[in-house]
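Colleague: Have a look at the structure that comes next, please.
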Amino acid sequence: MDGFRKRDAPYVLIGAWALAVWGRPRATLDVDFMVLVNEEELESLGSTLGQGGMKLDETWLKYNPLLRGLQLRLQFREVTIDLLRPRDVHDQHVFRRRQKKCLQGRYYWLIAPEDFILQKLKVGRPRDFEDALSVLERLGKTLDKQYLRRWAGRIGVSGELKYIFSL
-3 MDGFRKRDAP YVLIGAWALA VWGRPRATLD VDFMVLVNEE ELESLGSTLG
47 QGGMKLDETW LKYNPLLRGL QLRLQFREVT IDLLRPRDVH DQHVFRRRQK
97 KCLQGRYYWL IAPEDFILQK LKVGRPRDFE DALSVLERLG KTLDKQYLRR
147 WAGRIGVSGE LKYIFSL
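In this text, residue positions in the sequence shown follow the working numbering: the first is -3, and each later residue adds one.
In C-alpha coordinates, the structure reads:
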(Lines of atoms letter the chains of each structure in order from A and count residues from 1; the text may use other names and numbers.)
(Lines give C-alpha, C1' and ligand atoms only; values in the text may rest on other atoms or scores of the structure.)
Protein backbone atom coordinates (compact mmCIF):
# COMPACT_ATOMS: atom_id res chain seq x y z
CA MET A 1 0.00 0.00 0.00
CA ASP A 2 2.98 2.25 0.46
CA GLY A 3 3.48 2.38 -3.30
CA PHE A 4 -0.07 3.64 -3.79
CA ARG A 5 0.47 6.31 -1.13
CA LYS A 6 3.83 7.38 -2.59
CA ARG A 7 2.23 7.91 -5.98
CA ASP A 8 -0.98 9.35 -4.54
CA ALA A 9 -2.82 6.70 -6.55
CA PRO A 10 -6.42 6.02 -5.46
CA TYR A 11 -7.12 2.29 -5.53
CA VAL A 12 -9.78 -0.26 -4.73
CA LEU A 13 -9.19 -3.90 -3.99
CA ILE A 14 -11.32 -6.04 -6.29
CA GLY A 15 -11.45 -9.75 -7.10
CA ALA A 16 -11.11 -12.65 -4.68
CA TRP A 17 -9.76 -10.54 -1.81
CA ALA A 18 -12.86 -8.35 -1.91
CA LEU A 19 -14.98 -11.48 -2.25
CA ALA A 20 -13.52 -12.71 1.05
CA VAL A 21 -15.15 -9.70 2.76
CA TRP A 22 -18.48 -9.53 0.90
CA GLY A 23 -19.21 -13.11 -0.13
CA ARG A 24 -17.94 -16.68 0.11
CA PRO A 25 -14.12 -16.69 0.17
CA ARG A 26 -12.24 -18.79 -2.36
CA ALA A 27 -8.58 -19.66 -2.79
CA THR A 28 -6.50 -17.35 -4.94
CA LEU A 29 -2.87 -16.59 -5.67
CA ASP A 30 -3.50 -13.15 -7.11
CA VAL A 31 -4.45 -9.73 -5.84
CA ASP A 32 -6.41 -7.39 -8.11
CA PHE A 33 -6.43 -3.62 -7.73
CA MET A 34 -8.22 -1.02 -9.80
CA VAL A 35 -6.25 2.22 -9.74
CA LEU A 36 -7.52 5.66 -10.71
CA VAL A 37 -4.52 6.78 -12.76
CA ASN A 38 -3.74 7.63 -16.36
CA GLU A 39 -1.56 5.48 -18.61
CA GLU A 40 1.68 7.26 -17.70
CA GLU A 41 0.88 7.13 -13.98
CA LEU A 42 0.19 3.39 -14.24
CA GLU A 43 3.72 2.84 -15.58
CA SER A 44 5.13 5.04 -12.84
CA LEU A 45 3.19 3.14 -10.18
CA GLY A 46 4.54 -0.12 -11.56
CA SER A 47 8.09 1.24 -11.26
CA THR A 48 7.47 2.38 -7.68
CA LEU A 49 6.09 -1.02 -6.71
CA GLY A 50 9.08 -2.62 -8.45
CA GLN A 51 11.38 -0.79 -6.07
CA GLY A 52 9.50 -2.49 -3.24
CA GLY A 53 10.41 -5.98 -4.45
CA MET A 54 7.70 -6.63 -7.02
CA LYS A 55 8.73 -7.59 -10.54
CA LEU A 56 6.95 -6.48 -13.71
CA ASP A 57 5.75 -9.53 -15.67
CA GLU A 58 7.18 -8.67 -19.09
CA THR A 59 6.14 -12.04 -20.56
CA TRP A 60 2.50 -11.43 -19.67
CA LEU A 61 2.70 -7.96 -21.25
CA LYS A 62 4.25 -9.43 -24.40
CA TYR A 63 1.33 -11.83 -24.83
CA ASN A 64 -1.32 -9.24 -23.93
CA PRO A 65 -0.35 -6.21 -26.04
CA LEU A 66 -3.89 -4.82 -26.22
CA LEU A 67 -3.85 -4.35 -22.44
CA ARG A 68 -0.74 -2.16 -22.50
CA GLY A 69 -1.62 1.06 -20.73
CA LEU A 70 -4.76 -0.49 -19.22
CA GLN A 71 -3.28 -3.16 -17.00
CA LEU A 72 0.03 -4.15 -15.42
CA ARG A 73 0.90 -7.52 -13.94
CA LEU A 74 3.52 -7.77 -11.24
CA GLN A 75 4.92 -10.75 -9.36
CA PHE A 76 5.85 -10.85 -5.69
CA ARG A 77 7.13 -14.28 -4.74
CA GLU A 78 4.32 -16.64 -5.84
CA VAL A 79 1.66 -13.92 -5.80
CA THR A 80 0.43 -12.18 -8.95
CA ILE A 81 -0.63 -8.55 -8.56
CA ASP A 82 -2.80 -7.04 -11.29
CA LEU A 83 -3.20 -3.28 -11.55
CA LEU A 84 -6.14 -2.29 -13.76
CA ARG A 85 -7.21 1.15 -14.91
CA PRO A 86 -10.93 1.97 -15.13
CA ARG A 87 -12.40 1.06 -18.52
CA ASP A 88 -15.85 2.61 -18.31
CA VAL A 89 -17.93 5.13 -16.39
CA HIS A 90 -18.97 2.53 -13.82
CA ASP A 91 -15.33 1.64 -13.11
CA GLN A 92 -14.67 5.32 -12.42
CA HIS A 93 -17.77 5.59 -10.22
CA VAL A 94 -16.51 2.70 -8.06
CA PHE A 95 -14.02 5.06 -6.40
CA ARG A 96 -16.84 7.22 -4.99
CA ARG A 97 -18.30 4.26 -3.11
CA ARG A 98 -15.20 2.38 -1.97
CA GLN A 99 -15.10 1.28 1.65
CA LYS A 100 -12.16 0.96 4.04
CA LYS A 101 -11.98 -2.52 5.58
CA CYS A 102 -9.46 -4.42 7.68
CA LEU A 103 -7.93 -7.53 6.10
CA GLN A 104 -5.24 -9.50 7.89
CA GLY A 105 -4.53 -6.62 10.25
CA ARG A 106 -4.19 -3.88 7.61
CA TYR A 107 -6.72 -1.44 6.21
CA TYR A 108 -7.50 -1.40 2.50
CA TRP A 109 -9.96 0.38 0.23
CA LEU A 110 -12.40 -2.22 -1.08
CA ILE A 111 -14.92 -2.07 -3.85
CA ALA A 112 -18.47 -1.72 -2.45
CA PRO A 113 -20.48 -4.97 -2.57
CA GLU A 114 -22.97 -3.67 -5.17
CA ASP A 115 -20.12 -2.57 -7.43
CA PHE A 116 -18.40 -5.91 -6.89
CA ILE A 117 -21.54 -7.67 -8.16
CA LEU A 118 -21.74 -5.36 -11.19
CA GLN A 119 -18.04 -5.89 -11.99
CA LYS A 120 -18.50 -9.65 -11.86
CA LEU A 121 -21.56 -9.51 -14.10
CA LYS A 122 -19.61 -7.41 -16.63
CA VAL A 123 -16.86 -10.03 -16.84
CA GLY A 124 -19.41 -12.82 -17.03
CA ARG A 125 -17.37 -16.01 -16.60
CA PRO A 126 -19.04 -18.86 -14.68
CA ARG A 127 -16.80 -18.22 -11.65
CA ASP A 128 -17.76 -14.53 -11.75
CA PHE A 129 -21.46 -15.42 -11.60
CA GLU A 130 -20.73 -17.69 -8.62
CA ASP A 131 -18.87 -14.83 -6.90
CA ALA A 132 -21.69 -12.34 -7.56
CA LEU A 133 -24.27 -14.82 -6.32
CA SER A 134 -22.32 -15.48 -3.12
CA VAL A 135 -22.35 -11.75 -2.30
CA LEU A 136 -26.07 -11.58 -3.06
CA GLU A 137 -26.74 -14.60 -0.82
CA ARG A 138 -24.67 -13.19 2.06
CA LEU A 139 -25.70 -9.53 1.91
CA GLY A 140 -29.00 -9.67 0.00
CA LYS A 141 -31.18 -7.68 2.39
CA THR A 142 -28.58 -4.95 2.92
CA LEU A 143 -27.69 -4.40 -0.74
CA ASP A 144 -28.92 -1.27 -2.53
CA LYS A 145 -31.03 -2.99 -5.18
CA GLN A 146 -32.12 0.27 -6.78
CA TYR A 147 -28.46 1.17 -7.32
CA LEU A 148 -27.79 -2.30 -8.74
CA ARG A 149 -30.71 -2.09 -11.20
CA ARG A 150 -29.83 1.45 -12.31
CA TRP A 151 -26.20 0.63 -13.04
CA ALA A 152 -27.01 -2.77 -14.55
CA GLY A 153 -29.15 -0.94 -17.11
CA ARG A 154 -26.41 1.57 -17.84
CA ILE A 155 -23.69 -1.03 -18.37
CA GLY A 156 -25.81 -3.61 -20.16
CA VAL A 157 -26.04 -6.39 -17.57
CA SER A 158 -29.73 -6.13 -16.60
CA GLY A 159 -30.46 -9.65 -17.80
CA GLU A 160 -27.57 -11.06 -15.81
CA LEU A 161 -28.70 -9.20 -12.68
CA LYS A 162 -32.28 -10.46 -13.09
CA TYR A 163 -30.89 -13.97 -13.46
CA ILE A 164 -28.93 -13.94 -10.19
CA PHE A 165 -31.89 -12.28 -8.40
CA SER A 166 -34.05 -15.20 -9.56
CA LEU A 167 -31.81 -17.89 -8.07
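Don't be surprised by glycine CBs; every beta carbon is placed ideally from N, CA and C.
Looking at Val8: is its Cβ nearer than 8 Å to the Cβ of Leu106?
Modeller: Translated into the one-based positions of the sequence shown, residue 8 becomes position 12. Translated into the one-based positions of the sequence shown, residue 106 becomes position 110. In contact: Val8 and Leu106 (Cβ atoms closer than 8 Å).
Colleague: Look up Ile160 in the DSSP assignment and say whether it is helix, strand or coil.
Modeller: Working through the sequence shown from its first residue, we reach residue 160 at position 164. Of the three classes helix, strand and coil, the one that applies to Ile160 here is helix, per DSSP.
Colleague: Take Lys2 and list the residues in its own chain whose beta-carbon comes closer than 6 Å to its own, dropping the five residues that flank it on each side.
Modeller: Here residue 2 is taken as the residue at index 6 of the sequence shown, counted from 1. Around Lys2: Thr44.
Colleague: Report the three-state DSSP secondary structure of Thr76 (helix, strand or coil).
Modeller: The residue given as residue 76 occupies position 80 in the sequence shown. Correct three-state label for Thr76: strand.
Colleague: Flag this pair as touching only if the stretch 91 to 108 and the stretch 9 to 22 have three or more C-beta atom pairs under 8 Å; answer yes or no.
Modeller: yes
Colleague: Could you name the residues that DSSP lists as bridge partners for Gln67?
Modeller: Indexing the sequence shown from 1 puts residue 67 at position 71. Partner(s): Leu80.
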